[in-house]
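> Once you've had a glance at the structure underneath, I'll fire off some questions.
Residue numbers (my numbering): 26 to 168.
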């Protein structure tokens, strides 16, 4: 039975496509494809490296910008709150003097001043400053 299977398998081999012997041209084409693939790989590596460097540079610039804005806003808010505290303290001193002297005009002016100071929010001003800092069309910020 093994002999019949061997004969049958031999007949099936005749239907198999025979691979031709590689020629020097085929070897050259294969080498050229390999060289082209390597060149494309090198170009891709170079392009992606350049992209990563650009991303890192963009990140560094923006992180620096955010750090500068943070320091600026901290200083702005610190000074603004110091100024408000000083102004409110002065207005309360005037209010006390107005009450002691019975001067209702001074009391009213001091109360209105305190109310005006308290109504204004340094945080709203800080929001405007942040918007101005992020607007490329604004060259100068004035207080």
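Using N, Cα and C, we set each Cβ at its ideal position, and we do this for glycine too.
Just so you know, these numbers come straight off a predicted model, no measurement behind them.
Looking at C-beta atoms only, is the number of pairs between the segment 100-111 and the segment 142-154 that lie closer than 8 Å three or more?
Because the criterion of three Cβ pairs below 8 Å is met, the segment 100-111 and the segment 142-154 touch.
> Please report how far the alpha carbon of residue 65 lies from the alpha carbon of residue 102, in whole angstroms.
The residue given as residue 65 occupies position 40 in the chain shown. The residue given as residue 102 occupies position 77 in the chain shown. Straight-line Cα distance between these residues: approximately 55 Å.
> Under three-state DSSP, which class holds residue 144?
Walking along the chain shown from the start, residue 144 turns up at place 119. Reduced to three states, the DSSP call for residue 144 is helix.
> Going by DSSP in three states, residue 45 sits in which element: helix, strand or coil?
Reading the chain shown from its first residue, position 20 is the one you call residue 45. Three-state DSSP puts residue 45 in coil, outside helix and strand.
> Would you report the Cα separation of residue 10 and residue 53, rounded to the nearest angstrom?
This structure does not reach residue 10, given that the chain is present from 26 up to 168, and the question cannot be answered.
> Counting pairs of Cβ atoms below 8 Å between the segment 135-143 and the segment 110-125, do you hit three or more?
As far as the Cβ criterion goes, the segment 135-143 touches the segment 110-125, which means the pair count is three or higher.
> Just checking, does the segment 80-94 make contact with the segment 126-137 on the three C-beta pairs under 8 Å criterion?
Flag = no, the segment 80-94 and the segment 126-137 do not touch.
> I believe residue 98 touches residue 157 by the beta-carbon criterion, under 8 Å. Please report the beta-carbon distance rounded to the nearest angstrom.
If you number the chain shown from 1, residue 98 lands on position 73. If you number the chain shown from 1, residue 157 lands on position 132. Contact flag wrong, Cβ pair sits at about 12 Å.
> Residues in its own chain within less than 7 Å of residue 227 by CB, not counting five upstream and five downstream?
One cannot answer for residue 227 here, as it falls past the ends of the chain, which runs 26 to 168.
> Quick one: grab the DSSP three-state call for residue 172.
What is shown of the chain runs 26 to 168, which leaves residue 172 out entirely.
> What distance in whole Å lies between the Cβ atoms of residue 166 and residue 154, which are believed to be in contact at a cut-off of 8 Å?
Sequence index remark: in the chain shown, residue 154 carries index 129 (1-based). Sequence index remark: in the chain shown, residue 166 carries index 141 (1-based). Sure, about 6 Å apart at Cβ, within 8 Å.
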